[in-house]
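Numbering (my numbering), first residue to last: 2 to 343.
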């Protein structure tokens, strides 16, 4: 399908079918589509609203073009990548949750990048913490194996995205690529906690991952517009388990946690995000610790280490209180820095 034909159909609010979307995305990934057309297509898709089929096909192509991380055994392997784009300017909750989940026994293949529409991306805060984010795929696999956490810097694993990345950055608004990033884990993690920027995406992303063969997934959206499980109010959840998708709501009180003001987790950059992340991992009572525990608990649950989300939250709080989550962060930073010397 020619890009111009795709654009004409999108403008008419008609769906791009599976094989056509595969063709269109392959052209974009190979650098055969101009920046003007890429901008028009991804903006048009956002206005039209991307369908499950369009997203699944686009994700399939991104997976084809990705530089893979060679993880042999995906048992207890989980990703905590979110879409971003929620404009909540929260600290890097899913990044903090990765270390807590790893301390509880999960193997975390954390996938992320720099800030696009937020104040601090996962790559930004990890660098602020002293980590080396530019590891080779084999080194990331070693980090997952030896530390329990590996970070996959998205541009290093999705080099074909270089054709769309400048367009995405200049547009400065969320597009299908916000949706695709968390669907394209280079380590092939089939268990996942994914935060999304819009409530409509909760069911959509769960069904996309169902089509893509995921095992156990929680798609979450805090109803005050947060792409995490919220401590400020209800969170909408789409859970894929045993190939069945169900949607429901949860709230902090369900886990014995208080409700906090959303302002308590807002930051204005990587340094402030680092400060709140450390506060959470150092077991300082408050919104940061509680929201990390809620999200880490979900990661522990989908990784198969807890029978329920509530049991996962208890394990997360224990990992924080014992200091093992903070130690896991230090271990990760030390490991990644040692790779610089090789």
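No residue lacks a Cβ here, since even glycine has one placed at the ideal position from N, Cα and C.
Rounded separation between residue i and residue j - CA only
{"i": "residue 114", "j": "residue 254", "result": "32 Å"}
{"i": "residue 45", "j": "residue 18", "result": "15 Å"}
{"i": "residue 67", "j": "residue 191", "result": "16 Å"}
{"i": "residue 47", "j": "residue 177", "result": "7 Å"}
{"i": "residue 267", "j": "residue 275", "result": "12 Å"}
{"i": "residue 129", "j": "residue 308", "result": "35 Å"}
{"i": "residue 263", "j": "residue 272", "result": "19 Å"}
{"i": "residue 285", "j": "residue 101", "result": "14 Å"}
{"i": "residue 269", "j": "residue 85", "result": "15 Å"}
{"i": "residue 179", "j": "residue 312", "result": "31 Å"}
{"i": "residue 49", "j": "residue 220", "result": "22 Å"}
{"i": "residue 78", "j": "residue 310", "result": "17 Å"}
{"i": "residue 314", "j": "residue 241", "result": "19 Å"}
{"i": "residue 198", "j": "residue 27", "result": "26 Å"}
{"i": "residue 302", "j": "residue 165", "result": "35 Å"}
{"i": "residue 224", "j": "residue 206", "result": "17 Å"}
{"i": "residue 283", "j": "residue 136", "result": "27 Å"}
{"i": "residue 189", "j": "residue 71", "result": "9 Å"}
Among the options, the one whose alpha carbon lies nearest that of residue i
{"i": "residue 99", "options": "340, 64, 304", "result": "304"}
{"i": "residue 227", "options": "243, 201, 215, 245", "result": "201"}
{"i": "residue 244", "options": "214, 269, 235, 271", "result": "214"}
{"i": "residue 329", "options": "129, 148, 8, 229", "result": "148"}
{"i": "residue 76", "options": "110, 55, 155", "result": "110"}
{"i": "residue 124", "options": "145, 163, 88, 82", "result": "82"}
{"i": "residue 139", "options": "224, 153, 230, 126", "result": "153"}
{"i": "residue 182", "options": "285, 174, 195", "result": "195"}
{"i": "residue 30", "options": "128, 156, 122, 161", "result": "161"}
{"i": "residue 171", "options": "300, 40, 136", "result": "40"}
{"i": "residue 249", "options": "225, 203, 264", "result": "203"}
{"i": "residue 21", "options": "169, 55, 224, 260", "result": "55"}
{"i": "residue 163", "options": "318, 298, 173, 32", "result": "32"}
{"i": "residue 277", "options": "36, 27, 121", "result": "121"}
{"i": "residue 258", "options": "49, 230, 323, 23", "result": "230"}
{"i": "residue 73", "options": "104, 323, 141", "result": "141"}
{"i": "residue 88", "options": "291, 175, 37, 298", "result": "175"}
{"i": "residue 325", "options": "135, 166, 206, 103", "result": "103"}
{"i": "residue 105", "options": "341, 319, 135", "result": "319"}
{"i": "residue 25", "options": "206, 107, 96, 62", "result": "62"}
{"i": "residue 16", "options": "189, 51, 341, 34", "result": "51"}
{"i": "residue 299", "options": "265, 256, 90", "result": "256"}
Beta-carbon proximity list for residue i, same chain, < 6 Å, skipping 5 on both sides
{"i": "residue 193", "result": "80, 218"}
{"i": "residue 212", "result": "57"}
{"i": "residue 252", "result": "235"}
{"i": "residue 64", "result": "185"}
{"i": "residue 333", "result": "148, 150"}
{"i": "residue 144", "result": "151, 336"}
{"i": "residue 36", "result": "168"}
{"i": "residue 290", "result": "281"}
Sequence-distant residues of the same chain with beta carbon closer than 8 Å to residue i, five excluded per side
{"i": "residue 338", "result": "131, 132, 133"}
Other residues of its chain near residue i: CB distance less than 7 Å, five sequence neighbours each side excluded
{"i": "residue 158", "result": "67, 68, 187"}
{"i": "residue 42", "result": "4, 7, 8, 11"}
{"i": "residue 208", "result": "53, 246"}
{"i": "residue 155", "result": "112, 113, 114, 182"}
{"i": "residue 60", "result": "181, 184, 185, 209, 213"}
{"i": "residue 126", "result": "93, 96, 271, 274, 275, 278"}
Expected contact under 8 Å - CB spacing of residue i and residue j to nearest Å
{"i": "residue 94", "j": "residue 238", "result": "Not really, about 16 Å apart at Cβ, beyond 8 Å."}
{"i": "residue 261", "j": "residue 288", "result": "4 Å"}
{"i": "residue 232", "j": "residue 295", "result": "6 Å"}
{"i": "residue 297", "j": "residue 317", "result": "4 Å"}
Which complete beta strand (DSSP E) runs does the region 130-187 hold, if anything under 3 residues is left out?
150-154
Of all the alpha helix (DSSP H) runs that stay within the bounds of the region 74-129, which reach a length of 4 or more residues?
94-104, 123-129
List, from N- to C-terminal side, the alpha helix (DSSP H) runs of 4 residues or more that fit wholly inside the region 27-63.
36-49
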